[in-house]
Every structure is written in structure tokens, then in C-alpha cells.
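Report on one structure; see the data block that follows.
Protein chains in written order, with this note's numbering: chain P, 1 to 115; chain V, 1001 to 1115.
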């Protein structure tokens, strides 16, 4: 069974540009999460989808970040316009049910560098 | 306020030594979950253990063991007879009802095991 996949693995862009990160969860997993690790800091929760609905987006840093999950399958996270402080590793995770009862499986992450 | 504190930023041990990674958490919830994840050089986060707040039994899995102490709000992780393949960044995480059960991660401890 394929795990959580993320694309691209690395992205280098200039400040002001737009970048879209993609996450494909494990098939059948309704719950999808985005996290971010900025250099030297802890991994921070960004948001949580249940199917196509945003369950919790309290961790989204500002309105330059837009996450979607059309059809409840894959998800995209768009940063527009990117700023230097957006650099970091963006992780996606999925779980079959709530994290209380189900393990979150993480993807390999997308390393974003904003120059 | 940081909910999960991993005070050890980096640890270096020689193969076959035992090593303990510390994790201290903070929560007001009575129901919560604690996790440990391993991040090898390949980058993905690998789930190691989930422990709920009502189960203080220590757990052993091969060379890995976990000591959950509610009295000190700690969930420490010990690797016995460490091996080079144990070299990775280890993250402790907390999940609470108040945060919608999203994972709150510590900053991670980088473990280097040398031959």
C-alpha cells in the first residue's frame, strides 16, 4: 500500500512568487493534516481536513496560505506571495479516523526555500 | 506557551550505549495522547508509539522503552544498546481535545550514534 506522498520534494522560489505544494494521502484516509517545520523550531500544525471540509485551520499563519482538498482526495497548499519566513519543511499526514484512535502517517515533506 | 519540551537538542553516544531522550509536556486536559516519532535522514516521520493519559504503564518494544510519569508530566524514551541506525531526530508530541487532537510537537532531539 502506498504511503503519503508529497510533491515536490524540494522547491526553491524567490520572494513574492507563488508555490503550490501537493499531498496525496493514503487511499481511504478521510483525515488529512498539514504541518510545517521552520528551521530550528518545532513542527507546527497548520490545518486539518476531514474529507473536503476544513475541520481546524487555527494553525494557518496568515491569509497568504490557502489549502484546498477538492473531492476529499489530494490536498494542495498554496503560498501566495511567498515570504522569506515561509521557508521550511511542510509535512502532510493522513489518518483513517481521528488521531485519538488512529495513527497519523506522515509524508516525506516538501522542503521550501524562499530566497 | 510551548506544550512539549525536549530539552536535549543534540545527543551523541557510542554504539551499544543506552540513551534516554527526555520529553516534558504541559496540558490542562485530562484526556490526551503522547507520541514519539523518528525522523531518519530520509526525512519522513516514522511513528513509534502512542500512549493515552489513562495508561501509565511503561512500554517496551525490543530495544525501545518508554516511561510515562503523569506526576512529572514526562514521557521519556530510552534506547538500549544503541545502534548506528538509531541516528535520527526524535520528536515527542502531544494531542489534546482542546486543540482538536492535532499534534503539538517538541523541537526534536538529534541523536547521533557513532561506531
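Backbone N, C-alpha and C fix where the C-beta goes; we use that ideal spot for every residue, glycine too.
Determine which residues share a DSSP beta bridge with residue i and list them.
i              : result
residue 1048/V : Answer is none; residue 1048/V lacks a bridge partner.
residue 24/P   : 5/P
residue 78/P   : 20/P, 66/P
residue 89/P   : 37/P, 111/P
At the 7 Å Cβ level, is residue i part of the contact set with chain V, yes or no?
i             : result
residue 26/P  : no
residue 61/P  : no
residue 43/P  : yes
residue 72/P  : no
residue 106/P : yes
residue 109/P : yes
residue 68/P  : no
residue 103/P : yes
Within 9 Å of chain P by C-beta, residues of the segment 1082 to 1107 of chain V in sequence order:
1091, 1093, 1095, 1097, 1099, 1100, 1101, 1102, 1103, 1104, 1105, 1106, 1107
Members of the segment 1040 to 1068 of chain V that neighbour chain P once the beta carbon cut-off is set at 9 Å:
1042, 1043, 1044, 1045, 1046, 1047, 1050, 1052
For the segment 67 to 80 of chain P against the segment 35 to 55 of chain P, are there 3 or more C-beta pairs whose distance is under 8 Å?
yes
Assess contact between the segment 1015 to 1022 of chain V and the segment 1039 to 1056 of chain V, defined as three or more Cβ pairs (one per stretch) separated by less than 8 Å. Is contact present?
no
For the segment 46 to 58 of chain P, list every residue whose C-beta sits within 7 Å of some C-beta in chain V, in sequence order.
48, 55, 56
Starting from the N-terminal side, write out each stretch of the beta strand (DSSP E) that is 3 residues or longer and does not extend beyond the segment 1030 to 1098 of chain V.
1032 to 1039, 1046 to 1052, 1059 to 1061, 1064 to 1069, 1074 to 1079, 1088 to 1096
Inter-stretch contact (C-beta, 8 Å, three-pair minimum) for the segment 5 to 12 of chain P and the segment 103 to 113 of chain P:
yes
Should the segment 1076 to 1089 of chain V be called in touch with the segment 1103 to 1111 of chain V, which here means at least 3 C-beta pairs below 8 Å?
yes
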